[in-house]
Amino acid sequence: MKPASTQIVLLGGGYVSVWAYRSLVRRLRSAIDAGHVQITVICPNTHHAFHGWTAETLTGILREQSQASPLAELMPKARLIQGVATALDTVAKVVNVAQSNGTKLVIPYDHLLLGIGAHDSEAIPGIRSFGYQIKEPAAFRRTKQAIQDLVAQAAAEPPALARQYLSFVVAGGGFTGVEIATNLAEYLTVLKAGYPSLQGIQPQIRLVHSGDRILPSLRPAYNRLVRYAEKTIAGYGIELVSYRRIVEINGAGALLNDGQFLPARLVISTVGQSRLVLQGTEFMARDNQQRLITNAYQQIPGHSTIWGGGDACHVPYRHTTDACPANALWAIKHGDYVGRNIARAIRGRRLQPFTYRGLGQSASLGLGKGISELYGLQFTGPIAWGMRWAFFHFFMPSRRVMVDALSDWAHLFRFRQRRALTADQPDARPLVRS
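If you want it as structure tokens, here you go:
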């Protein structure tokens, strides 16, 4: 009698699942091809989004197709189920799934990876009705369209009213907030170029941060990078609002915790992430950010066949209880290591702890303006920007989509135009450097 195949179920289509799949196939290819091991991926989306290019896609440099890779292309040996995991039964070892067409499925597993990530926090009152966010695909597209619409509306108004249309608030002084604020400032200059009536109008952008200075994860070790970012922000005319946080958003702007009100037509929040508490995981240990706590091998304590990584989980960093940084590179490495350990567990081999040391961190502050830290060395300006550009292309999971992205960059540098700008901006002539 033919033995039943080992069932590996990956929840989510993000970095953790994609790189876990790659790691598994690399080590179990013959068993997968023979049908002894089956990988099932459960994800509500059909594509993996490369979030490293969020600012570039938001501002029209890259088309969305140059950021999104089809999961079917990335995981050809997996069974793909487009749906949402609704419950987990750790005794029966099954996952309940609701598909978009209403079909309910029960998927058995021998090994389960919780790579369900995180989503934008909606803790700020008014964020759903009046605010804008960028993590989820629908929210990202809404924000992207709103920016273009505001510029077009401003062009049809007298100068005093046009200035009101071009008023923006960005919440969050971390990497994402700083990237969005600076690239937005550059992008507005690009969009304005298509409207003669806006040439004398200076957009107003405020960056709200709860601390004393931006980029707290870089301080105090990398103050040079922080100073460069602050100087670049000042050069764009962006106003830093420190020691404040947004407590409410309405149709007229953002209310701060000190009672100050910032008028704005568009408030973009990059602060806070929420984690899904999947039914059946309520009893599992979590940290104060609701991340599932794993052991050094990325197993959920008490469940040797349930694994975790990425934004959904608190994976300890190298012999400590501190969590690994929450960014794409660490999620990629979580996936690589967890795939390795699942393969080792299937083969009855000793597991290996997560020991990745890190590579560095970087941010784009506009074309040719960047900050990068690589193994403790600090880089700024065009060199830093170029390093980030090269690393991001290297880590894109699809070579075909990477070529699409390179094509968009080539279009920018050759024709000095952003390829993804909508057809109603035919006269915009963006500069390669701003």
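Quick note on numbering: the sequence shown equals residues 12 to 445 in the numbering used here. Backbone N, C-alpha and C fix where the C-beta goes; we use that ideal spot for every residue, glycine too.
Which of helix, strand or coil does DSSP assign to residue 209?
helix
Any contact between the segment 358 to 368 and the segment 389 to 396? By contact I mean 3 or more CB pairs, one from each, below 8 Å.
no
Pairwise C-alpha distance: residue 354 and residue 375:
37 Å
Over the uninterrupted beta strand (DSSP E) stretch that includes residue 80, give me the two end residues.
79 to 81
Taking the alpha-carbon positions, what's the residue 416 to residue 407 distance?
10 Å
Only counting runs of 4 or more residues, tell me where the alpha helix (DSSP H) segments fall wholly within the segment 92 to 156, in order along the chain.
138 to 141
Thinking C-beta only, is residue 77 closer than 7 Å to residue 409?
no
Please report how far the alpha carbon of residue 53 lies from the alpha carbon of residue 400, in whole angstroms.
31 Å
Straight-line Cα distance separating residue 110 from residue 225:
42 Å
Could you check the C-alpha separation between residue 219 and residue 430 for me, to the nearest Å?
30 Å
Could you name the residues that DSSP lists as bridge partners for residue 7?
There is no way to answer for residue 7, as the model of the chain reaches only from 12 to 445.
Thinking C-alpha only, which one of 330, 125, 221 and 99 is nearest residue 26?
125
Would you check if the distance between the CB atom of residue 179 and the CB atom of residue 216 is smaller than 7 Å?
yes
Rounded C-alpha distance that separates residue 168 from residue 202
16 Å
Exposed or buried, what is residue 426 when buried is set at 16 or more other beta-carbons lying within 10 Å of its beta-carbon?
exposed
Is the Cβ-Cβ distance between residue 345 and residue 326 less than 7 Å?
yes
In whole angstroms, what separates the C-alpha of residue 139 from that of residue 258?
13 Å
Let me check one thing: in DSSP terms, what residues is residue 202 bridge-paired to?
Residue 202 is not bridged to any residue.
Bounding residues of the alpha helix (DSSP H) (the contiguous stretch that carries residue 41):
26 to 44
Nonlocal neighbours in the same chain, by C-beta distance under 6 Å from residue 163, ignoring five residues either side
none
Our contact map puts residue 148 next to residue 60 with C-beta atoms below 8 Å; I'd like the distance itself, whole angstroms only.
7 Å
Three-state class that DSSP yields for residue 321 in the structure shown:
helix
Residue 67, DSSP secondary structure in three states:
helix
Does the Cβ of residue 268 have 16 or more other Cβ atoms within 10 Å, making it buried, or fewer, making it exposed?
exposed
Would you check if there are 3 or more beta carbon pairs closer than 8 Å linking the segment 27 to 36 to the segment 78 to 97?
yes
Residue 172 classed as buried or exposed, judged by whether at least 16 other C-beta atoms fall within 10 angstroms:
exposed
First and last residue of the uninterrupted alpha helix (DSSP H) at residue 392
392 to 406
In terms of residue numbering, what span does the alpha helix (DSSP H) encompassing residue 467 cover?
Look at the range of the chain in this structure, 12 to 445, and you will see that residue 467 is not part of it.
Distance, Cα to Cα, residue 96 vs residue 108?
4 Å
Out of 271, 381 and 174, point me to the one whose CA is closest to residue 254's CA.
271
Between the CA atoms of residue 339 and residue 238 - distance to the nearest angstrom
24 Å
Figure out for me which residue from 128, 17, 208 and 184 has the closest Cα to the Cα of residue 279.
184
Could you pull the DSSP bridge partners for residue 50 from this structure?
19
Please state whether the Cβ-Cβ distance between residue 206 and residue 166 is less than 7 Å.
yes
Hey, how far is the Cα of residue 462 from the Cα of residue 47?
In the structure as shown, the chain starts at 12 and stops at 445, and residue 462 therefore has no counterpart that could be examined.
Buried or exposed (CB count within 10 angstroms, at least 16 for buried), residue 214:
buried
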